[in-house]
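For reference, the structure discussed in these notes is given below.
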Amino acid sequence: MELDGPTATSPKVESKDGNLDSLEIIKHEEVKEDDTQEDLIKKLFDMVRDVTAEQLALKQLQITNTICRLKELQDQQPPKATFNPAIANSCRERLEGTLTYLTSELSAIPPAKWTTYKRKLLKFCESEPILTMTFAQRLYKVVDIIYLPEEMDAIPKEDFKRMHSVARICAAAAQALGPEHESEEALAEKWISAKAQDLEFLKKMFRSMRGIYKASAPERTEMPWERQAGERDNGQACGNAQSL
Numbered sequence: 015m016e017l018d019g020p021t022a023t024s025p026k027v028e029s030k031d032g033n034l035d036s037l038e039i040i041k042h043e044e045v046k047e048d049d050t051q052e053d054l055i056k057k058l059f060d061m062v063r064d065v066t067a068e069q070l071a072l073k074q075l076q077i078t079n080t081i082c083r084l085k086e087l088q089d090q091q092p093p094k095a096t097f098n099p100a101i102a103n104s105c106r107e108r109l110e111g112t113l114t115y116l117t118s119e120l121s122a123i124p125p126a127k128w129t130t131y132k133r134k135l136l137k138f139c140e141s142e143p144i145l146t147m148t149f150a151q152r153l154y155k156v157v158d159i160i161y162l163p164e165e166m167d168a169i170p171k172e173d174f175k176r177m178h179s180v181a182r183i184c185a186a187a188a189q190a191l192g193p194e195h196e197s198e199e200a201l202a203e204k205w206i207s208a209k210a211q212d213l214e215f216l217k218k219m220f221r222s223m224r225g226i227y228k229a230s231a232p233e234r235t236e237m238p239w240e241r242q243a244g245e246r247d248n249g250q251a252c253g254n255a256q257s258l
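For our numbering, add 14 to where a residue sits in the sequence shown, where the first one is 1.
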């Protein structure tokens, strides 16, 4: 039997007992442009659930259209990387190898803090997204792990030398976490240079603020941001002592 459209009215088919019965047609929503993959899968499930062979034949056009639309949406999705333990291990090895050349820079970070950062970096090595990340995306993640916490701690203490070391560590780690044959050294150096300019600006700004503060309150030797940093360190020390 030929169908002119997605819907037929009371078609006559021969049932298993040899009688001609009028099959009940169950109407389904047409495929819409804004349907998601989840919507289409649900519609397919509804179309084939608890139906007879005769009903399934009547819905063939609807099913075909839905499957085609689902395939179209899937083709538009970026390829998903499959997690590979071997790749994760090589990523970890490259990171570990790179860190051995950064002993001078790493010495600028308090050991307890570096232990936390390194644990997060190694966990990042084992994540699926890292396999398809660009250098810029990896650097953004490494900055979130290392640079931002260090910035919160070191800048109020005006420890700009420490932040220069942290910037180099971040750039080197982001490179090490990439594919083996990727070369982004020029981009890494450009980012380090930009961070160095930012730090130089902050250094001058703090020097100016210190001069203004001392002129207005010469009897005070501790700057407000130094006092806040000290209070934060004391609070963290108390918290660590309580957790022991």
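Glycine is no exception: its CB is placed at the ideal position from the N, C-alpha and C atoms. This structure is a prediction, so every number in the text was calculated from the model and none was measured.
Residues in the same chain with beta-carbon distance under 7 Å from residue i, minus the five sequence neighbours each way, listed in chain order, please.
i           : result
residue 155 : 138
Using only alpha-carbon positions, find the residue among the options that is nearest to residue i.
i           : options            : result
residue 208 : 75, 116, 144, 182  : 182
residue 149 : 111, 214, 184, 219 : 184
residue 188 : 168, 112, 78, 117  : 112
residue 133 : 153, 117, 160      : 160
residue 140 : 192, 167, 168      : 192
residue 194 : 144, 82, 168       : 144
residue 152 : 172, 117, 190, 121 : 190
Using a Cβ-Cβ cutoff of less than 6 Å, which residues in the same chain neighbour residue i once the five nearest sequence positions on both sides are dropped?
i           : result
residue 80  : 45, 54, 57, 58
residue 174 : 213, 217
residue 77  : 61
Around the Cβ of residue i, are there at least 16 other Cβ atoms within 10 angstroms (buried) or fewer (exposed)?
i           : result
residue 115 : exposed
residue 48  : exposed
residue 72  : buried
residue 51  : exposed
residue 179 : buried
residue 196 : exposed
residue 225 : exposed
residue 105 : buried
residue 135 : buried
residue 64  : exposed
residue 162 : exposed
Kindly list the residues whose CB is nearer than 8 Å to the CB of residue i, restricted to its own chain and excluding five residues on each side of it in sequence; keep chain order.
i           : result
residue 206 : 181, 182, 185
residue 164 : 123, 127, 176, 177, 180
Roughly how many angstroms separate the alpha carbons of residue i and residue j, rounded to a whole number?
i           : j           : result
residue 109 : residue 223 : 39 Å
residue 41  : residue 62  : Any answer about residue 41 is weak, because its pLDDT of 46 lies below 50 and its placement is not dependable; what the coordinates show is given next. The straight-line gap from Cα to Cα measures roughly 12 Å.
residue 146 : residue 69  : 45 Å
residue 230 : residue 220 : 15 Å
residue 119 : residue 125 : 12 Å
residue 67  : residue 83  : 23 Å
Practice task
Report yes or no: do three or more beta-carbon pairs, one from the region 200-207 and one from the region 122-132, lie closer than 8 Å?
Solution key: Between the region 200-207 and the region 122-132 there are fewer than three C-beta pairs closer than 8 Å, too few to call the two in contact.
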